[in-house]
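Heads up, the thing below is written out as structure tokens.
There are 2 protein chains.
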Amino acid sequence: MDHCSTCVVRNRAICAALGTDEVSLLGKMGRHHKLVAGQTLIWEGEDSLLVANVIDGILKLSTSMSDGREQIVGVVYPSDFIGRPFGSQTQYNVTALTDAHVCTFSSSDFDRFAREHPDLEHKLLERTLAELDRTRRWLLLLGRMTASEKIANFLIDMSERLIRPDCSFNGPANAFDLPFGRQQIADILGLTIETVSRRLNDFKAQGLIAVPSRRRIEILDRDGLETVAENASQ
Amino acid sequence: MDHCSTCVVRNRAICAALGTDEVSLLGKMGRHHKLVAGQTLIWEGEDSLLVANVIDGILKLSTSMSDGREQIVGVVYPSDFIGRPFGSQTQYNVTALTDAHVCTFSSSDFDRFAREHPDLEHKLLERTLAELDRTRRWLLLLGRMTASEKIANFLIDMSERLIRPDCSFNGPANAFDLPFGRQQIADILGLTIETVSRRLNDFKAQGLIAVPSRRRIEILDRDGLETVAENASQ
DNA sequence: CAGCTTTATTGATCAGCATCAAAGAATAGA
DNA sequence: TCTATTCTTTGATGCTGATCAATAAAGCTG
Chain Y
107 MDHCSTCVVR
117 NRAICAALGT
127 DEVSLLGKMG
137 RHHKLVAGQT
147 LIWEGEDSLL
157 VANVIDGILK
167 LSTSMSDGRE
177 QIVGVVYPSD
187 FIGRPFGSQT
197 QYNVTALTDA
207 HVCTFSSSDF
217 DRFAREHPDL
227 EHKLLERTLA
237 ELDRTRRWLL
247 LLGRMTASEK
257 IANFLIDMSE
267 RLIRPDCSFN
277 GPANAFDLPF
287 GRQQIADILG
297 LTIETVSRRL
307 NDFKAQGLIA
317 VPSRRRIEIL
327 DRDGLETVAE
337 NASQ
Chain B
107 MDHCSTCVVR
117 NRAICAALGT
127 DEVSLLGKMG
137 RHHKLVAGQT
147 LIWEGEDSLL
157 VANVIDGILK
167 LSTSMSDGRE
177 QIVGVVYPSD
187 FIGRPFGSQT
197 QYNVTALTDA
207 HVCTFSSSDF
217 DRFAREHPDL
227 EHKLLERTLA
237 ELDRTRRWLL
247 LLGRMTASEK
257 IANFLIDMSE
267 RLIRPDCSFN
277 GPANAFDLPF
287 GRQQIADILG
297 LTIETVSRRL
307 NDFKAQGLIA
317 VPSRRRIEIL
327 DRDGLETVAE
337 NASQ
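Protein chains in written order, with my numbering: chain Y, 107 to 340; chain B, 107 to 340.
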């Protein structure tokens, strides 16, 4: 059966690089998967057997140390691509943060197909370059920013990314639900859960944000938040 | 004139994806540049006008905050590719750490040429994926490791990468010259120069390394260093 | 090789964030 | 609805790494 013709991310995922015939060819190699929140699709260090497109839901990419310290190294949304093509290992865990739907392919099938379809590889290249840019900016955040700066930048970043569901981008959202708990925010920012909680409350006290429920954030003073994000001292 | 036929990185740079005719075609679009140590080739945020291959020398990619805090987000070696194809801006500075030779192309020329040569794009994709993996591992280092762990990992990483000049990889080197001063090490690891200096001396006192001159490192006890790298407490 | 500049080391102190601990909400399940 | 569990907040304390400051060593230049 051909899921692709009804796929909601058909025109946003890398599949958009393909014509109708080619999509159905790729579609024959793909398999739908349902993931429940918390379920891990790919384990760090395991032989890289599959890659996937995210159809629905949000997933995290994470690595951890032997004593349990964890760092989230990426977050993927509907239409994003998951996995490590042309490589023998995936170096991070891929875990669903919400219930999710993904369309998986065997790595070897996908690699072969991609090599035969330059437009697909090109789309993949553009995505990978953009992700590299994003990841490099995160290095500055992790290496050089204070806790307040990290959290302010995180909130601004989220306000710009979390409007995806309806796809139409009309400026950053000032109210949104985070797909993360406090511990996950800490794992993204290289902080502890306590520090995240405290700084978030500081922002609330300063009137920069409101936190009507655990995961909901309302930005009340975006300029103020941006000032903190640039330089906590000013 | 055709530099490519005598280019020392001809078979290691992305150009290796091309046949003789195509290389000379690309070569006609390229220009040689000499850079002196400290010279900046591309500025953060500037319109992305050029990309390049590194022929000789070592360069850093860095971003900084308005108050001067800096984070090095990448280091490139001979045969590596520099710049942001298919994008309007380069998000980081590219600065020579040593005197260097690069082969530059106008972004638009390169983009056009690449789109016409899938094998070249494929090489670029493989490099970009590998660089993304490396950068993501660095997130764990910056976000979750202690100063000692950071420095131990850094030294091990350097011992594995700095043997490039002669190209033949026969295991990690136990003695090498860093292409960085202490401040640059600090900017790579998200530390201060003082902390780098102190931890390096600790390692010396523990007999893990020797530092015969400022930039020279000799690993005396690799296992010990690896133990520190994994988990400072053990 | 003298004098200057840059870079690195060493020491003292401080602050930010982590850690440890406990109480308080929210959520889920019976 | 009540209870058990999980997640979050809040408080007290301590440590790691930053900051400030001064000295020392290494490179440069003439």
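In this text, a Cβ means the ideal position worked out from N, Cα and C, and glycines have one as well.
Taking threonine 241/B and leucine 235/Y to be in contact with their CB atoms under 8 Å, please state how far apart those CB atoms are, rounded to whole angstroms. Rounded, the Cβ-Cβ distance is 12 Å, inconsistent with contact.
Phenylalanine 219/Y: first and last residue of the uninterrupted alpha helix (DSSP H) it sits in: 213-222
If you draw a straight line from the C-alpha of isoleucine 178/B to the C-alpha of leucine 231/B, how long is it? 22 Å
To the nearest angstrom, how far is the alpha carbon of leucine 246/Y from that of aspartate 127/Y? 43 Å
Tell me which residue opens and which closes the alpha helix (DSSP H) that asparagine 259/B is part of. 253-267
Check whether the Cβ of valine 179/Y lies closer than 8 Å to any Cβ atom in chain B. yes
Alpha carbon of valine 182/B to alpha carbon of serine 168/B, nearest angstrom: 11 Å
Leaving out five residues before and five after glycine 193/B in sequence, what residues of the same chain have Cβ atoms less than 7 Å from its Cβ? Ser154
Answer with buried or exposed for proline 318/Y, where buried requires no fewer than 16 other C-beta atoms within 10 angstroms of its C-beta. exposed
Distance between cysteine 121/Y and serine 185/B (C-alpha atoms, nearest Å): 32 Å
Compare the C-beta of tryptophan 244/B with all C-beta atoms of chain Y and state if any pair is closer than 8 Å. yes
Rounded to the nearest angstrom, what separates cysteine 110/B and threonine 146/B at their Cα positions? 24 Å
Beta-carbon separation of glutamate 227/B and histidine 228/Y under 8 Å? yes
Could you tell me whether any Cβ in chain B is nearer than 8 Å to the Cβ of glutamine 197/Y? yes
Under 7 Å between beta-carbons, which chain Y residues line up against glycine 174/B? List them in chain order, please. Simply none; closest approach about 10 Å.
Under the rule that 16 or more other beta-carbon atoms within 10 Å means buried, what is serine 213/Y, buried or exposed? buried
With DSSP collapsed to three states, give me the class of leucine 238/Y. helix
State the Cα-Cα distance for the pair phenylalanine 216/B and proline 191/B, rounded to the nearest angstrom. 8 Å
Interface residues of chain Y facing arginine 267/B [CB-CB closer than 7 Å]: Within chain Y, no residue comes near arginine 267/B; the closest Cβ sits about 17 Å away, beyond 7 Å.
Considering only the alpha carbon of each residue, which of Leu248/B, Gly249/B, Val160/B and Phe286/B lies closest to leucine 342/B? Absent from the model: residue 342/B. The displayed extent of chain B is 107 to 340, so no value can be given.
If you run the structure through DSSP and keep just helix, strand and coil, what is phenylalanine 309/Y? helix
Within the region 182-216 of chain Y, ranges of the beta strand (DSSP E) (whole runs, at least 3 residues): 199-202 and 206-212
Would you kindly work out how many angstroms separate the C-alpha atoms of glycine 163/Y and histidine 207/Y, rounded to a whole number? 6 Å
So, does the CB of aspartate 263/Y fall closer than 8 Å to a CB anywhere in chain B? no
From threonine 252/Y to arginine 267/Y, what distance separates their C-alpha atoms? 22 Å
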